[in-house]
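Asker: This is the structure I want to talk about, given as structure tokens.
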Amino acid sequence: MPFIMAKVNSKITSKQKLQLKTGLGKAISFVPGKSEDVLMVGIEDQYNLYLRGDGEQALAYISVAIYGTPQHEGYIKLNLAITELFYKTLHINPENIFIDYEDIKVWGTSGYLIDENGVHVPEGIVDD
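Just so you know, we're using this note's numbering here: the sequence shown kicks off at 32 and counts up by one.
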């Protein structure tokens, strides 16, 4: 499951949040095997961000965490799509949009641990 967390220092309307959520859902599809169906998105507005001591200019810091893509296939197009989305939706200058990427090697959900060796089911987990 990919996770994209966006923090911006400006106010975002509900309509803009929906546009960002939808746009990120489309952008993640540049990464093979990923889609909005498996994407989790977090958007935090009015976050205290400062660049070179200045917190008045519009800024965005976006973290993208993806499991199972060590070769970073599709990341160049994903990066451009995210940058364009935040520029067009929030009018943040691309030079003030920062994106970091995290390769998730191991993750857990519903009590299961998932890594390159597969799904690990601990004793005590009961399927309904």
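Yeah, the Cβ is synthetic: ideal placement off N, Cα and C, and Gly gets one too.
(1) What residue range is occupied by the uninterrupted beta strand (DSSP E) comprising residue 51?
(2) From this set, 73, 149 and 107, which residue's C-alpha is nearest residue 63's C-alpha?
(3) So residue 38 is in the beta strand (DSSP E); what residue range does that whole segment cover?
(4) Output the distance between the C-alpha atoms of residue 128 and residue 40, rounded to the nearest integer angstrom.
(5) Got a sec, what are the start and stop residues for the alpha helix (DSSP H) residue 29 sits in?
(6) Roughly how many angstroms separate the alpha carbons of residue 134 and residue 98, rounded to a whole number?
Answerer: From the atom records:
(1) Your numbering for residue 51 matches position 20 in the sequence shown. Element bounds for residue 51: not the beta strand (DSSP E) but the alpha helix (DSSP H), 45 to 58.
(2) Here residue 63 refers to the residue found at position 32 when the sequence shown is read from its first residue. Measuring from the Cα of residue 63, the nearest candidate turns out to be 107.
(3) Within the sequence shown, the letter at position 7 stands for residue 38. 34 to 39 is the span of the beta strand (DSSP E), which, as asked, contains residue 38.
(4) Residue numbering aside, residue 128 sits at position 97 when the sequence shown is read from its first letter. Residue numbering aside, residue 40 sits at position 9 when the sequence shown is read from its first letter. Taking the straight line from one Cα to the other gives about 11 angstroms.
(5) There is no way to answer for residue 29, as the model of the chain reaches only from 32 to 159.
(6) The residue labelled residue 134 in the question sits at position 103 within the sequence shown. The residue labelled residue 98 in the question sits at position 67 within the sequence shown. Approximately 6 angstroms between the Cα atoms of the pair.
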